[in-house]
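See below for the structure under consideration.
Protein chains: 2
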Amino acid sequence: MVSAPYLHDVTACFAERIGEGGLTKDAYARLLHGCGPALEQLRRARADGALPFLTLPSRRDDLGPLATLAARYRGAFDDVVVLGTGGSSLGGQAIAALADRGFGPPVGSPRVHFLDNVDPDTFQALFAAVDPARTGVFAISKSGGTAETLCQLAVVIDRLRAALGEDALKRHVAVMTEPKDSPLSRIAERFSLPHIDHDPGLGGRFSVLSTGMLPALLLGLDTAALRTGAAAVLEQALEAKDAAGAAPAVGAAIQVGLANERMVSQSVLMPYCDRLFWFARWYRQLWAESLGKEGNGTTPVDALGTVDQHSQLQLYLDGPADKLFTLVDAGMAEAGRPVDPDILDHPETGYLQGRTMGELFTAESRATAETLIGYGRPVRQIRVERLDEGTLGALFMHFMLETAIAAHLMGVNAYDQPAVEDGKRLTRRYLQGEGVS
Amino acid sequence: MVSAPYLHDVTACFAERIGEGGLTKDAYARLLHGCGPALEQLRRARADGALPFLTLPSRRDDLGPLATLAARYRGAFDDVVVLGTGGSSLGGQAIAALADRGFGPPVGSPRVHFLDNVDPDTFQALFAAVDPARTGVFAISKSGGTAETLCQLAVVIDRLRAALGEDALKRHVAVMTEPKDSPLSRIAERFSLPHIDHDPGLGGRFSVLSTGMLPALLLGLDTAALRTGAAAVLEQALEAKDAAGAAPAVGAAIQVGLANERMVSQSVLMPYCDRLFWFARWYRQLWAESLGKEGNGTTPVDALGTVDQHSQLQLYLDGPADKLFTLVDAGMAEAGRPVDPDILDHPETGYLQGRTMGELFTAESRATAETLIGYGRPVRQIRVERLDEGTLGALFMHFMLETAIAAHLMGVNAYDQPAVEDGKRLTRRYLQGEGVS
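Protein chains in written order, with this note's numbering: chain W, 1 to 437; chain A, 1 to 437.
Encoded structure:
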């Protein structure tokens, strides 16, 4: 048995620790019991390949074509535009944040821009900022029929063709989509664009270890380490001797238990780490779209420590008791130089003198957890020793498994999203000028 | 009487339109009646100056020193770092998004970086990316005692001093804080830094028209237009002959009514406009910190159309009926070139051919609103003809007033945040090595 590369502490989710806002051990035991069949189902799906997000962590064969494309893009381009939305974009953004903290990419990497919307103003700004001759494009749509992605790509191809000629498109644009006829694969064919296959069994919000690989490679990140980190969590969870030994099952039981027994309607994911801002946005889709069905589901809320102490904490502490808090720490207590007492010498701030920024960061995380607990709010704490590709991969897999198991406990299908089709139909009718019937 | 520079449509919040998930007209009338005293209180506060966010829109005298500083920074620096957190940062970020869509600032403006956290990894990336000789700093803390801002500034001064010498600090660093003794004002004094006064009566989350002005000026935005837009909304709301004629009162009555009568616990703000992403984050603080008291308050949720159709919409439509949706449209139907049918010629996508990206954007907004309504979810629609400084200023004022009035209806003080003090005390104790008692 391998050990998971993170600590997962749920003690402050129980009534015996935080009082009536917490889960009783009885309710927890019942739910944990229900996780057994969910884990068994996942084991079978891994064995028979029914859920590719469970087999992807141990694969490497699919990385070859992506590495070739990434190497060419890194050599040829200053800017790479990733087109796509939802699950085609959020995983890549979560990974890219490891390498680009908002001050540009590492030396040798292009700037990677994720365009996940159809705001014409943003595209105008993009076109004003980049040199077409030094710009690459990667369009991702599983189905190949996503309206936003097709519109984005049509507009971008129009621009590139006008600037560089049609023949240049095959060097500047590539797509990732299922190997079947679709509007996107037709565009790829029409302009001889490289076409990377999207696994038809891999739903967007479970696709990060596939759709996130090109951005990772562009930014010089270690894709094998991302998958190895995910594989370790998968292995540990599925080989655990019981559900109590599988952190994702424990997390699912806590989440569903608090929702059922304590009217917890919101699940706040609050990392103390800027690089996990987009990870929390990725989680937000995973949890919402997998579970929000037939009146079920809780609302995932992405937060960021310490920033949201100055924005949301008042509500978290003294507003309605309707939230579970998951705080994530990434072990940065040692980082930074000590604050120079010659600069900050006011009597009120003695506590900061000689302390590093990392110590302040870590103390605030700890203080926020303790304060929430003091107010009787359920708090889960996750700790990784250091955020890197391996631990990020581990966190991805933890939450994908937790979500899949929670869906099983709620009795919903984690892998579909039937309600969003209505809006798509209406959009098409509006654009066809049919009005609302 | 002036008319407000936006449309505010709440018809789809009522039971007669959407069924049992909507507010009854009786409950609404009662709440609207309760808005009368709230509006009267705001009128008095504007007259006697008790709430500076109500008098700021018509002031211009405070802009002089900011304009002088901004002009010097624009001339001298390629990068300007704004230090501060919560209300000292979010308003500025919401304004800056008007000018920088993520592809850099307008010609003639420096890059403006908002550092609102104490993540040492982010500061390391900052220092690696900028040239100290070409970098300016603006540190904002109302009290002058915010631990995060002080730690940020101490670390940045340490770096700049090492690179440029102590004498250079007064040209590279300026602060905005209350005119009183504090750790921050002491630093300003110690290094002869320019000190812009922060109005002691202006709470952080109501300070956007003050703390957001330097970022606006750095990016070449029109600060007078921001304030004029806010003034128009203020004027219209406070001069309306009754609460039904004041959009912020209508909004407050809807929000509080749905919370009280329909168990709505979450208020989703979903603009269809990338430039309003940070506006929604700004709103998130305003609403949460003003109302989350003594068990009151609803959770503000920032969303973005169309992106969150591919992330949150499944939950919004088919999850629990616990949300009010405010969709904001910024009139972009005309923008963009038509999609070329030569590029996108698949039979499935006929509806996109010849349409602009702006038409798709607008059709999706309309379709999402109609779909939510079809599922019986309360939807409010706000429309501005065009997003610019004037309409952004209007939206700021609308939501500040709506929040103040909602606090009155809930019986809480909108202007304090007592619960967050506990965590601050604990942080200091951890850093002083006292442990948890």
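Positions of the beta carbon are idealized from the N, C-alpha and C atoms, including for glycine.
Because the structure is a prediction, the values reported are computed rather than measured.
>> How far does the alpha helix (DSSP H) with A/Y316 in it extend, from its first residue to its last?
In response: L313 to D318 is the extent of the alpha helix (DSSP H) around A/Y316.
> What are the partner residues of A/Y272, as DSSP defines its beta bridges?
Replying inline: DSSP, once it has assigned bridges, lists A/D329 as partnering A/Y272.
> In chain order, what residues of the same chain have a beta carbon less than 6 angstroms from the beta carbon of A/V436, not counting five sequence neighbours either side?
Replying inline: Caution is warranted here: a pLDDT of 42 is assigned to A/V436, below 50, making its placement in the model unreliable, and no coordinate value can be reported.
> What residues from chain W crowd round A/I157, counting only those whose CB sits closer than 7 angstroms?
Replying inline: Within chain W, the residues near A/I157 are I343.
> Shorter than 8 angstroms from the beta carbon of W/E178 to some beta carbon of chain A?
Replying inline: Not an interface residue.
> Going by C-alpha distance, which of A/D199, A/A303 and A/N260 is nearest A/G49?
Replying inline: Here the closest residue by C-alpha is A/D199.
>> Under 7 angstroms, CB to CB, which of the residues in the segment 261-279 of chain A have a partner in chain W?
In response: Correct list: S265, Q266, C273, D274 and R275.
> Taking just the CA atoms, how far does A/A133 sit from W/A147?
Replying inline: Taking the straight line joining both Cα atoms gives about 47 angstroms.
>> For chain A, check one thing: does any of its Cβ atoms lie closer than 8 angstroms to the Cβ of W/M410?
In response: Residue-level contact check: W/M410 does not touch chain A, since none of the beta carbons of chain A fall below 8 angstroms from its beta carbon.
> Count the other CB atoms within 10 Å of the CB of A/K293; is the residue buried (16 or more) or exposed (fewer)?
Replying inline: Result: buried.
> Counting pairs of Cβ atoms below 8 angstroms between the segment 362-373 of chain W and the segment 309-316 of chain W, do you hit three or more?
Replying inline: The segment 362-373 of chain W is in contact with the segment 309-316 of chain W.
>> Spatial neighbours of W/D116 within its chain, please: C-beta separation below 7 angstroms, excluding the five flanking residues on both sides.
In response: A distance below 7 angstroms between beta-carbons, with the five flanking residues on each side excluded, links W/D116 to the following residues of its chain, in chain order: G84, T85 and S89.
> According to the neighbour-count rule (16 or more other Cβ atoms, all chains shown, within 10 Å of its Cβ), is A/M213 buried or exposed?
Replying inline: A/M213 counts as buried, since no fewer than 16 other beta carbons sit within 10 angstroms of its beta carbon.
>> For W/D9 and A/A244, I'd like the C-alpha separation in whole angstroms.
In response: Their Cα atoms are separated by approximately 50 angstroms.
> Expressed to the nearest angstrom, what Euclidean distance is found between the alpha-carbon atoms of W/L42 and W/Q381?
Replying inline: Each residue's CA atom was taken as its position, placing W/L42 and W/Q381 some 25 angstroms apart.
> From this set, A/F14, A/E402, A/Q417 and A/G91, which residue's C-alpha is nearest A/L238's C-alpha?
Replying inline: The shortest Cα separation from A/L238 among A/F14, A/E402, A/Q417 and A/G91 belongs to A/E402.
> So, is A/T11 buried or exposed, given that buried needs 16 or more other C-beta atoms within 10 angstroms?
Replying inline: Result: exposed.
>> Taking 8 angstroms as the limit between beta carbons, can you name the residues of its chain near A/L160, skipping five residues before and five after?
In response: Answer for A/L160: P132, T135, V137, A168, L169, H172 and V173, listed in chain order.
> Does the distance from the C-beta atom of W/A406 to that of W/A247 stay below 8 angstroms?
Replying inline: No, these two residues do not count as a Cβ contact at 8 angstroms.
> Where do the ends of the alpha helix (DSSP H) carrying W/F103 lie?
Replying inline: Annotation: W/F103 is outside any alpha helix (DSSP H) and is labelled neither H nor E by DSSP.
> Name the DSSP bridge partner or partners of W/D79?
Replying inline: W/D79 is bridged by DSSP to W/R111 and W/T135.
> Once you ignore the five residues that flank A/A4 on each side, which residues in its own chain have a CB closer than 7 angstroms to its CB?
Replying inline: The residues are A232, V233, Q236, A247 and A394.
> If we ignore side chains and look at the alpha-carbon of each, how far apart do W/A45 and W/T211 end up?
Replying inline: Their backbone Cα atoms lie some 21 angstroms apart in a straight line.
>> For the alpha helix (DSSP H) containing A/R227, name the first residue and the last one.
In response: It spans T223 to E239 - the alpha helix (DSSP H) in which A/R227 sits, taken as one unbroken run.
> Leaving out five residues before and five after W/M1 in sequence, what residues of the same chain have Cβ atoms less than 6 angstroms from its Cβ?
Replying inline: For W/M1, the predicted model reports a pLDDT of 45, less than 50, meaning its position is unreliable; a value from the coordinates is still stated below. Excluding positions up to five away in sequence, the list reads E239.
> Excluding the five sequence neighbours on either side, which residues of its own chain have a C-beta within less than 6 angstroms of the C-beta of W/E16, listed in chain order?
Replying inline: Excluding sequence neighbours, W/E16 sits near nothing in its chain.
>> I'd like to know if W/N413 contacts chain A, where contact means its C-beta is closer than 8 angstroms to some C-beta of that chain.
In response: Not a single C-beta of chain A is nearer than 8 angstroms to the C-beta of W/N413.
> With a CB to CB cut of under 6 angstroms and the five nearest residues on each side skipped, what residues in its chain are close to A/L184?
Replying inline: For A/L184, the CB contacts under 6 angstroms within the same chain, skipping 5 residues up- and downstream, are S141, G144, V175 and T177 in chain order.
> In the segment 317-351 of chain A, which residues sit with their C-beta less than 8 angstroms from some C-beta in chain W, listed in chain order?
Replying inline: Residues of the segment 317-351 of chain A with a C-beta less than 8 angstroms from any C-beta of chain W: L317, D318, G319, P320, A321, D322, K323, M332, A335, G336, R337, V339, D340, I343, L344, D345, H346, E348, T349, G350 and Y351, listed in chain order.
> Taking the DSSP output, what are the residues bridged to W/S267?
Replying inline: W/S267 is bridged by DSSP to W/P300 and W/L324.
> How is A/L344 classed by DSSP in three states: helix, strand or coil?
Replying inline: It is coil, neither helix nor strand.
>> Tell me the DSSP secondary structure of W/H310 in three-state form.
In response: In the structure shown, W/H310 sits in a helix (DSSP, three-state: H, G or I).
>> Please tell me whether W/M357 has its Cβ less than 8 angstroms away from any Cβ of chain A.
In response: Residue-level contact check: W/M357 touches chain A, since one or more beta carbons of chain A fall below 8 angstroms from its beta carbon.
> Using a beta-carbon distance below 8 angstroms, is A/G22 in contact with chain W?
Replying inline: No, its Cβ sits nowhere closer than 8 angstroms to a Cβ of chain W.
> What does W/D167 pair with, by DSSP beta-bridge criteria?
Replying inline: According to DSSP, which records beta bridges pairwise, W/D167 is partnered with nothing at all.
>> Please list the terminal residues of the continuous beta strand (DSSP E) segment that includes A/V175.
In response: Run containing A/V175: V173 to T177, per the beta strand (DSSP E) assignment.
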